[in-house]
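**Q** What follows is a single structure, and I will ask about it in a moment.
In UniProt numbering, the protein residues as written are 1 to 89.
The structure is reproduced here in structure tokens:
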């Protein structure tokens, strides 16, 4: 299994954050997805930015975070907004 620190776009700081929410390898990240990981981080009081969202997606799809397609970034933003709104209910 690929450790988070060895994933594209993610370094030691990201790996430490993800470990706090129980994500220690790429398999776990893929199973949860970027949106659920962001929600877990927010629930712990972290304030992850959109660059982390794109970095997570890039790690999942094995592409540089800046090369995540613009339409995919839009989908991620909509999904994150909806998930955060639902989480507040």
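All C-beta atoms, glycine included, are put in the ideal place defined by N, C-alpha and C.
None of these values were measured; they are calculated from a predicted model.
#1: Rounding to the nearest angstrom, what Cα-Cα distance links residue 5 and residue 26 in this structure?
#2: Where residue 17 and residue 41 are concerned, what is the direct C-alpha to C-alpha distance, given to the nearest angstrom?
#3: CB residue 34 to CB residue 53, shorter than 8 angstroms?
#4: DSSP on residue 25, reduced to helix/strand/coil?
#5: Let me check one thing: in DSSP terms, what residues is residue 3 bridge-paired to?
**A** According to the data block:
#1: Each residue's alpha carbon lies about 9 angstroms from the other.
#2: Distance between the alpha carbons of residue 17 and residue 41 is about 8 angstroms.
#3: Annotated as proximal: residue 34 and residue 53, with beta-carbon spacing under 8 angstroms.
#4: Per DSSP, reduced to three states, the secondary structure at residue 25 is strand.
#5: The partner list for residue 3 (beta bridge, DSSP) reads 25.
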